[in-house]
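K.L.:
Here the first sequence stands for residues 57 to 939, numbered as in this note's numbering.
We put the CB at the ideal spot given by N, CA and C, even for glycine.
The structure that follows is given in the form of structure tokens.
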Amino acid sequence: MSREFDDDDGPVTFKRSSVSKSIQSHSEVRKSTSHSNDGRSYRKSSDVPSSNGHNSSSQNGKLVLSTKASAVESSVGISKASTSMVYVRSPRGTSKFASFENKKESLLEKKIPVHVKEETNSSKHLKEESREDSEDEVDNMPLSVRMKMNNINGKKATPIVPKKSSENSDDDIPLSSRLSIPKAQKGQQYGSSASVKQERPSTLSVKRPLDSVKQERPSTLSVKRPLDKSDSLHFTGKKSKLSDPAQSINAKQISVKSEVKVEEEDDNDDVPLSRRMNKLPTSVDQSSSLKKVTNVTKVNKGATPSFKKKAANFKKSGTKSEQFKSTKLPPGSGDGQKKWTTLVHNGIIFPPPYKPHGIKILYKGKPVTLTPDQEEVATLYAVMRDTDYMQKQKFKENFWTDWRKMLGKNHVIQNLEDCDFTPIYDWYQIEKEKKKQISSKEKKALREEKLKQEEKYMWAIVDGVKEKVGNFRAEPPGLFRGRGEHPKMGKVKRRITPNDVVINIGKDAPIPECPIPGESWKEIRHDNTVTWLAYWNDPINPKLFKYIFLGASSSWKGQSDREKYEKARMLKNYIGNIRAAYTKDFVSKDITKQQIAVATYFIDKLALRAGNDKDDDEADTVGCCTLKVENVTAEGNNKLKFDFLGKDSIRYENTVEVVLPVYNAILKFQKDKRPGDELFDQLDTSILNNHLKELMPNLTAKVFRTFNASFTLDDMLNKETKDGEDVAANILVYQNANKQVAIICNHQRSVSKSHSGQITKLSEKIDELKAVLKELKIDLDRARKGKPPLKGSDGKNKRNLSPEAIEKKIDQTEAKIEKMQRDMMTKEDLKTVALGTSRINYLDPRITVAWCKRHEVPIEKIFSKTLLEKFAWALDVDPDFRF
DNA sequence: GTGGAGACTTGTTAGGACTCCG
DNA sequence: CGGAGTCCTAACAAGTCTCCAC
């Protein structure tokens, strides 16, 4: 089977023998959860029980993607737009959003011509793409997969230029030719001997069978529908209308009529978009592959929140390349480009002033009176008694240093050890309890009250469009909870006041009223090249800023999200050449080149982060460029063992088989170095990224992670989803794919406190059921012989059932047991794997949406309400979309 | 090319809301 | 209805990457 085959070379990034949170002795915060990815961890989708095992029976058939286009009339904003559009697959295989049909008919009609056009284009494009895909897939796959394939397909080297679709078949060529390795030899390079084998149980690995990679997507192609058909419609309402000019926001600025607004929007919106597009490589304009990308982008554009506008643009914009060229601007982000024309908001809110409780702590057994300020900080500390931080010396030390400053040198309290915070702790527990006791009615009332007060801060109006603000609260005072062994943990994070806060707002917008009487904002700015609404300097590290941005559902975020995924998709077209290039450099005489090559290989193969340099006053964590000698161990047989603390001090532990030149290079880099020295001493992220940019416009290290994650999802979904399965089974497939991505990206979570208890409970229940089963079997036996059932374990008499009835019961019980066992395994399996992070940040939502459409899975089963809002830009993707 | 400022994305977790089950 | 378990989200920490001055 191809699977077996794969095993050898499979790059499969991730067979992690054990992924565990940083277990180092010192960081007890993270529980050492070696999540064993032993056989259990990876099972075929069908074997993987869903943790919550829902079956949504509700949607057989048509009701799938629902996104009610009610957004249009929503006056309050996206949040109101109910996402329940009905996605219907028409007989032809085309699909449409039913809601459009009703509500938007006229619009739709108008659009038709455009659509037709688009359709033609897009179908062409799709065809091209599919051909390309099938032919070039090798190149596109994440390294892991790909490496396997190299064994098989030798290719000629070509310069690093995106492949044109017409040249697709040559695509692969470049790689090999650069290597000037004949096919057969190539195999050697990546082949069994040099393959990227991983030592983990094969079950764990994310395998991508070669042939599956090549597999085409037959039916999908035929099921075309105008790409942006629904787009324009169903999202018109994404941005809430201003009609609900909440609060003090200057209603004048807001265009009142939706029509007008749309127009306005168009204008404004386009600018940034097109500009952004410029960021994409212009150099490659001509290449068809690039065109492809552009095209896609363009099409997608239609899917952005303001569809009408986009659609209009399309009409106007002519050819893709035209459009592309037309918008030339310097690349980069946050880069001096105009992001908005008008910006209105109400600033931010601050936590209420501290209310002293008057509870005294004990010092050497005696109550001590504290000033409100001192008491506030003491309370912050007291309340953390049950956290792991209390075991950390550094935490206490830092706290004491800061608190002591507040107490003053001559204070009665002279050391922390003699302080007993129990009275405050107890008081706090009681307060918590009281809070719990509040009736749900009262709670609701309180919530509503709060909401009312905050409503005006929740929205900003950007170029006439009402958008949700992400976080509009100043952070309250607290003790700094750095992760891992952060040198600053425990420091007092002082209260932020308006004097700390810089506001960014439109020139003509009213300056937000300072919510604290007698104080004023630190500064008012009118910088339309940035998207933040406010910031203050982080009191813990004044070099850093804390920003207030728009929420994830805003079009700013949505656009950059889309760009991110488009860039990752573009990498597909370059990846073959990139791999060829770095493979060649594995043996470069130029040590910098060689290090770049090996680092890129790790990033591609293992989805490592770039690894920026860090200051001493941060936790000691590393990424690819900052790996230390001791983080990688050569274990023989071309195996490298990685073990280091990455972002958030999460431990990355993985043993991988690499190609021989890489293995040798690592030995060379380690030579004559001591622990603590950098493995890639000639490298840093800027050198690496500068190099990557030579290979693909705007390419940076993190793009590989996005690419790897999204590609894997797309690939697994398409391989593992079976036709005709019910929704529950499909969801399992999705969860499993999601899980593999999480493993690749090393997204971990701590095991919940109640985990082991839950497992115990489950297995007890299973045992019970097994006992029942046993009894039933005996009864069946007796029933067949015409005897009455034995008394139950409770001593009661049981009903006399027919053998058939008993058989039925047995079947039911067996099914129940099976389900519970699967649930239990899934639970165990996922106890340390966090699926959410990749869903939010790494998986192109269009993959998910398109898959849901194809397999009639309601999108709500996969995306929560907020994710649906965040991914509004992706919801009307064509069902045929492939990453 | 280096280092720092600045802006934006990615990541984990705590705790509240919601759901399920008896 | 209440408690346990699950799901979601807000909060905020910690990354990445760009730009710019020297």
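What ranges does the alpha helix (DSSP H) occupy inside the stretch 422-509, keeping only unbroken runs of at least 4 residues that lie completely in it?
P.N.:
As far as the stretch 422-509 is concerned, its whole alpha helix (DSSP H) runs of at least 4 residues are 428-438, 449-463, 478-493.
K.L.:
Could you check whether Arg581 and Asn555 sit closer than 8 Å to each other, using their CB atoms as the reference points?
P.N.:
Translated into positions along the first sequence, residue 555 becomes position 499. Translated into positions along the first sequence, residue 581 becomes position 525. Result no, Cβ atoms of Asn555 and Arg581 do not sit closer than 8 Å.
K.L.:
Among the residues of its own chain, which have a CB less than 6 Å from the CB of Thr276, if the five just before and after it don't count?
P.N.:
Sequence index remark: in the first sequence, residue 276 carries index 220 (1-based). Low confidence applies to Thr276: its pLDDT is 24, below 50, so where it sits in the model is not reliable, and the reading given next is rough at best. Correct list, in chain order: Asp936.
K.L.:
Residues in the same chain with beta-carbon distance under 7 Å from Cys681, minus the five sequence neighbours each way, listed in chain order, please.
P.N.:
Translated into the one-based positions of the first sequence, residue 681 becomes position 625. Closer than 7 Å at the Cβ level, and outside the excluded window around Cys681, lie Ala655, Ala666, Gly667, Phe736, Leu739, Asp740, Thr741, Leu744.
K.L.:
If we ignore side chains and look at the alpha-carbon of each, how far apart do Val761 and Asp823 end up?
P.N.:
Taking the first residue of the first sequence as 1, we reach residue 761 at position 705. Taking the first residue of the first sequence as 1, we reach residue 823 at position 767. Checking the displayed sequence, the identity of residue 761 turns out to be Arg instead of Val. Each residue's Cα considered, the two are about 43 Å apart.
K.L.:
If distances are taken between C-alpha atoms only, which option among Pro566, Glu884, Gln615, Val548 comes closest to Gly813?
P.N.:
For the purposes of this step, residue 813 is identified with residue 757 of the first sequence, where counting begins at 1. The shortest C-alpha separation from Gly813 is found at Glu884.
K.L.:
Go ahead and pull the three-state DSSP assignment for Asp867.
P.N.:
Mapped onto the first sequence, residue 867 falls at position 811. Helix at Asp867.
K.L.:
Following the continuous alpha helix (DSSP H) through Thr768, name the residue where it begins and the one where it ends.
P.N.:
In the first sequence, the residue the question calls residue 768 occupies position 712. Unbroken alpha helix (DSSP H) run through Thr768: 757-776.
K.L.:
Which word fits Ala871, buried or exposed, when buried means at least 16 other C-beta atoms lie within 10 angstroms of its C-beta?
P.N.:
Residue numbering aside, residue 871 sits at position 815 when the first sequence is read from its first letter. Classification of Ala871: exposed, given that the 10 Å Cβ count is below 16.
K.L.:
Quick one, which of Ser609, His401, Tyr591, Arg441 has its alpha-carbon nearest Asp519's?
P.N.:
Within the first sequence, numbered from 1, the residue matching residue 519 stands at position 463. Ranking Ser609, His401, Tyr591, Arg441 by Cα distance to Asp519 puts His401 first.
K.L.:
Would you say Ala690 and Phe642 are within 8 Å of each other, going by their C-beta atoms?
P.N.:
The residue given as residue 690 occupies position 634 in the first sequence. The residue given as residue 642 occupies position 586 in the first sequence. No.
K.L.:
Considering only residues of the same chain and omitting the five flanking positions on each side of Lys826, which have a CB-CB separation below 7 Å?
P.N.:
Position 770 of the first sequence, counting from 1, holds the residue named residue 826. The answer, listed in chain order, is Ile873.
K.L.:
Can you tell me the Cα-Cα spacing of Asp476 and Lys422, whole angstroms?
P.N.:
Mapped onto the first sequence, residue 476 falls at position 420. Mapped onto the first sequence, residue 422 falls at position 366. If you take the alpha carbons of Asp476 and Lys422, they lie about 9 Å apart.
K.L.:
Identify whether His911 lies in helix, strand or coil by the three-state DSSP scheme.
P.N.:
Reading the first sequence from its first residue, position 855 is the one you call residue 911. Helix at His911.
K.L.:
Please say whether Thr587 and Phe601 have beta carbons closer to each other than 8 Å?
P.N.:
As a first step, residue 601 must be located in the first sequence, where it is residue number 545. As a first step, residue 587 must be located in the first sequence, where it is residue number 531. Going by C-beta atoms, Phe601 is not nearer than 8 Å to Thr587.
K.L.:
CB-CB under 7 Å to Met446, same chain, minus the five flanking residues each way: which ones, in chain order?
P.N.:
Taking the first residue of the first sequence as position 1, residue 446 is located at position 390. Excluding positions up to five away in sequence, the list reads Met440.
K.L.:
Might you give, ordered along the chain, the residues of its own chain that have their beta carbon closer than 7 Å to the beta carbon of Gly390, omitting 5 neighbours on each side?
P.N.:
For the purposes of this step, residue 390 is identified with residue 334 of the first sequence, where counting begins at 1. In this prediction, Gly390 scores a pLDDT of 48, lower than 50, which makes its location untrustworthy; the coordinate-derived value is nonetheless stated afterwards. So the qualifying residues of the chain are Val586.
K.L.:
With DSSP collapsed to three states, give me the class of Leu627.
P.N.:
Within the first sequence, numbered from 1, the residue matching residue 627 stands at position 571. Reduced to three states, the DSSP call for Leu627 is helix.
K.L.:
Please report the residue range of the alpha helix (DSSP H) in which Lys833 lies.
P.N.:
Mapped onto the first sequence, residue 833 falls at position 777. Where Lys833 is concerned, the enclosing alpha helix (DSSP H) stretches over 811-840.
K.L.:
Out of Leu751, Ile862, Trp459, point me to the one whose CA is closest to Ala636's CA.
P.N.:
As a working mapping, residue 636 is identified with position 580 in the first sequence. It is Leu751 whose Cα lies nearest to the Cα of Ala636.
K.L.:
Expressed to the nearest angstrom, what Euclidean distance is found between the alpha-carbon atoms of Lys775 and Leu769?
P.N.:
Mapped onto the first sequence, residue 775 falls at position 719. Mapped onto the first sequence, residue 769 falls at position 713. Each residue's Cα considered, the two are about 10 Å apart.
K.L.:
Excluding five sequence neighbours on each side, which residues of the same chain lie with their C-beta closer than 7 Å to the C-beta of Lys795?
P.N.:
Indexing the first sequence from 1 puts residue 795 at position 739. Within the same chain, Lys795 has close Cβ partners Leu886, Val889, Leu891.
K.L.:
If contact is defined by three or more beta carbon pairs under 8 Å, each pair taking one atom from either stretch, is the stretch 530-541 in contact with the stretch 671-679?
P.N.:
Counting Cβ pairs under 8 Å, three or more are found: they touch.
K.L.:
DSSP state of Phe725, grouped into three classes?
P.N.:
Position 669 of the first sequence, counting from 1, holds the residue named residue 725. Three-state result, Phe725: helix.
K.L.:
With a cut-off of 8 Å on the beta carbons, I'd call Leu627 and Leu426 a contact; round off their distance for me.
P.N.:
As a first step, residue 627 is located in the first sequence; it is residue number 571 there, counting from the start. As a first step, residue 426 is located in the first sequence; it is residue number 370 there, counting from the start. 58 Å between Cβ atoms; not a contact.
K.L.:
Are Val433 and Trp459 touching if we call contact CB-CB under 8 Å?
P.N.:
Residue mapping note: residue 433 aligns to position 377 of the first sequence, counting from 1. Residue mapping note: residue 459 aligns to position 403 of the first sequence, counting from 1. In contact: Val433 and Trp459 (Cβ atoms closer than 8 Å).
K.L.:
Mark Glu431 as exposed unless 16 or more other C-beta atoms lie within 10 angstroms of its C-beta, in which case mark it buried.
P.N.:
For this step, residue 431 is matched to residue 375 along the first sequence. The residue in question, Glu431, is buried, as its Cβ has 16 or more Cβ neighbours within 10 Å.
K.L.:
Mark Glu504 as exposed unless 16 or more other C-beta atoms lie within 10 angstroms of its C-beta, in which case mark it buried.
P.N.:
Residue numbering aside, residue 504 sits at position 448 when the first sequence is read from its first letter. Looking at its Cβ environment, which holds fewer than 16 other Cβ atoms inside 10 Å, Glu504 is exposed.
K.L.:
Are Ser943 and Lys524 closer than 8 Å when you measure CB to CB?
P.N.:
Limits of the chain in this structure are 57 at one end and 939 at the other, which puts residue 943 out of reach.
K.L.:
Counting C-beta neighbours from all protein chains within 10 Å, is the total for Thr904 16 or more, i.e. buried, or is it exposed?
P.N.:
If you number the first sequence from 1, residue 904 lands on position 848. Buried: at least 16 other Cβ atoms inside 10 Å.
K.L.:
Kindly give me the distance between the Cβ atoms of Val797 and Tyr898, rounded to whole angstroms, as I take these residues to be in contact under 8 Å.
P.N.:
Taking the first sequence and counting its residues from 1, the one referred to as residue 797 is at position 741. Taking the first sequence and counting its residues from 1, the one referred to as residue 898 is at position 842. That belief holds up - the Cβ atoms of Val797 and Tyr898 are roughly 7 Å apart, short of 8 Å.
K.L.:
Give me the Cα-Cα distance between Asp660 and Ile706, rounded to the nearest whole angstrom.
P.N.:
Numbered from 1 along the first sequence, position 604 holds the residue referred to as residue 660. Numbered from 1 along the first sequence, position 650 holds the residue referred to as residue 706. Spanning the two alpha carbons is a distance of roughly 20 Å.
K.L.:
Tell me Ile787's beta-bridge partners as DSSP assigns them.
P.N.:
Here residue 787 refers to the residue found at position 731 of the first sequence. None; Ile787 has no bridge partner.
K.L.:
Measure from the alpha carbon of Leu836 to the alpha carbon of each residue in Leu664, Ala757, Glu863, Trp515, then state which is nearest.
P.N.:
Within the first sequence, numbered from 1, the residue matching residue 836 stands at position 780. The option with the nearest alpha carbon to Leu836 is Glu863.
K.L.:
Would Asn693 and Glu713 qualify as a contact pair, given that the criterion is a beta-carbon distance under 8 Å?
P.N.:
Within the first sequence, residue 693 is the residue found at index 637, counting from 1. Within the first sequence, residue 713 is the residue found at index 657, counting from 1. It is a contact, given that the beta carbons lie within the stated cut-off.
K.L.:
Going by C-alpha to C-alpha distance, which of Val828, Val685, Gln615, Ser495 sits closest to Leu723?
P.N.:
Position 667 of the first sequence, counted from the start, is the residue given in the question as residue 723. Ranking the options by Cα distance to Leu723, first place goes to Val685.
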